[in-house]
């Protein structure tokens, strides 16, 4: 925890409700400011033979936008969330089964990917699936003048020079995922990751 | 949240989260390598690592969210015993020896396929019923409910269940009636109902005599309930669940969802 948050470096208020859906094995709704994502987990469940693995559970992530059909952006985010979840999930305890994570965007007001990661973690926890550690996601926006805004709103993201999203695991605060959009130097990425990421 | 690296004994009864590491009590005698004579050389109790925990280099790694439980060892040995995490879950994972209620979904030659709520259907041999022989086949139809236990439950293999005990007797297992009501509750509630001296069952039994079958896979079958309309079904299900919650003031209501 940082002692004195810099201006713009406080998280928006966040809230979570777990187990709110009756059909999935685990569910969570995560709200970060005006951004809201609903996550449902099914598993360990029966697996299609094409996806079956004798080594570990097959994890599928489906990201549903608020309106319309999932496109290329959703596909790329699905893969990012899947890799972060695979790092935390002890899939080798449930071989030859599948775990399906469905993320429904309820409203997008910035920092959507980090909200998806947080909702995914809490839904996996609610489902009682074995996890190595918990994880969280955090988004930062770099303004043109170099100022850093943590957990940016949609307007801050639009005005930003670069938007960076990181995921950290809970035990040793190691990095699980790092993705950037826009132009920024490697030094800036390291600065934001080390100073702002670890203070979350 | 328990800080990682706390002693397992201190954390018993506390909420633990995935990633927490529980340190085990150190060996009672520092000179463990040396051979000791006399009554003090009782062997150290064996440590059992139950659901929600895994062994790691530092001690026990928590993999599920819930309350840490501990059962001291039966003998006089110090340390050891069984540790596990009491967590809420909806999806069943087969465990050897668990009594479960299954639904027959297919007949394939000598075996039946049974839906037990896990990731895979269990197999049930037609010979695994009391008194069944090659000539005398049990009358099992698709859609029947069977009460049995797992003899093979392994993460790498198809689970196999039987409706007889080790001496070949039914012992209450087998096909359960064609009437009655089957409903699902969380796995945590089933564990509480099956615990010895369960308050809910005792209080319910004082109100009126009843008979229910509890499966560790979260299924409850009530043979007395006769269902004629869907409205009855919904009414009865919520009524029974509310009864369970209302009769258990000391058990915490949040655990029932």
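Protein chains in written order, with UniProt numbering: chain A, 1 to 200; chain B, 1 to 257.
The beta-carbon is built from N, C-alpha and C at its ideal position, and this holds for glycine as well.
A quick note: this is a predicted structure, and the numbers were derived from the prediction, not measured.
- When CB distances to chain A are screened at a threshold of 9 Å, the residues of the stretch 78-91 of chain B falling below it are 87, 88, 89, 90 and 91, in chain order.
- When beta bridges are read from the DSSP output, residue 40/A appears opposite 27/A and 102/A.
- Here residue 208/B is exposed. Its C-beta has fewer than 16 other C-beta atoms within 10 Å.
- Under the Cβ criterion of 8 Å, residue 132/A is counted among the residues facing chain B.
- When the beta-carbon positions are compared, residue 106/A and residue 49/A stay at least 8 Å from each other.
- With a threshold of 16 other beta carbon atoms within 10 Å, residue 168/B falls short and is exposed.
- Not a single CB atom of chain A sits nearer than 8 Å to the CB of residue 67/B.
- Of the other Cβ atoms in all chains shown, fewer than 16 fall within 10 Å of the Cβ of residue 157/B; this residue is therefore exposed.
- For residue 171/A, the CB contacts under 6 Å within the same chain, skipping 5 residues up- and downstream, are 133 in chain order.
- Distances from the alpha-carbon of residue 123/B to those of 111/B, 171/B and 71/B put 111/B closest.
- Among the CB atoms of chain A, none fall inside 8 Å of the CB of residue 98/B.
- Counted as a single uninterrupted DSSP element, the beta strand (DSSP E) harbouring residue 181/B occupies residues 181-184.
- In terms of beta-carbon proximity, residue 100/A stays away from the interface with chain B, with every pair separated by 8 Å or more.
- Per DSSP, the beta-bridge partners of residue 112/B are 107/B and 124/B.
- The distance from the Cβ of residue 91/B to that of residue 127/A is about 7 Å, consistent with a contact at the 8 Å cut-off.
- In the three-state reduction of the DSSP assignment, residue 134/A falls in the coil class.
- Judged by DSSP secondary structure, residue 115/A falls within the alpha helix (DSSP H) whose first and last residues are 112-127.
- Secondary structure note for residue 137/B: it is in no beta strand (DSSP E), with a DSSP letter that is neither H nor E.
- In the structure shown, the three-state DSSP call for residue 161/A is coil.
- Counted as a single uninterrupted DSSP element, the stretch harbouring residue 184/A is not any beta strand (DSSP E), since DSSP gives it neither H nor E.
- Under a 10 Å Cβ-count criterion, residue 65/B is classified as buried, with 16 or more other Cβ atoms of the shown protein chains found around its own Cβ.
- One alpha carbon belongs to residue 160/A, the other to residue 139/A, and they sit about 12 Å apart.
- If you look at residue 202/B, you'll find it in the alpha helix (DSSP H) that goes 199-207.
- Residues of chain B whose Cβ lies closer than 7 Å to the Cβ of residue 46/A are, in chain order, 119 and 120.
- By the Cβ neighbour-count rule, residue 20/B is buried, with 16 or more other Cβ atoms within 10 Å of its own.
- In this structure, residue 65/A lies away from residue 55/A, with their beta-carbon atoms at least 8 Å apart.
- Sequence-ordered contacts of the stretch 98-126 of chain A with chain B read 125 [C-beta pairs closer than 7 Å].
- Among the residues of the stretch 8-19 of chain B, those with a Cβ less than 8 Å away from any Cβ of chain A are 17, 18 and 19, in the order of the chain.
- Non-local beta-carbon contacts of residue 222/B in its own chain, meaning distances under 6 Å to residues more than five positions away in sequence, involve 180, 181 and 212 in chain order.
- The count of Cβ pairs closer than 8 Å, one atom from the stretch 66-85 of chain A and one from the stretch 138-154 of chain A, stays below three, leaving the stretches out of contact.
- Taking the beta carbon of residue 155/B as reference, the chain A residues within 7 Å of it are 93, 94 and 95, listed in sequence order.
- The residues 57, 59, 99, 124, 129, 130, 131 and 132, in chain order, have a CB closer than 8 Å to that of residue 89/A in the same chain once the five nearest residues on each side in sequence are set aside.
- Inclusion of residue 59/B and residue 84/B in the CB contact set at 8 Å is not warranted, their separation being larger than that value.
- Within the DSSP bridge table, the entry for residue 24/B names no partner.
- Counting only Cβ-Cβ distances below 9 Å, residue 43/A has contacts in chain B at 91 and 119, in chain order.
- The contact set of residue 133/B on chain A, defined by CB atoms closer than 9 Å, is empty, because the minimum CB distance reaches about 33 Å.
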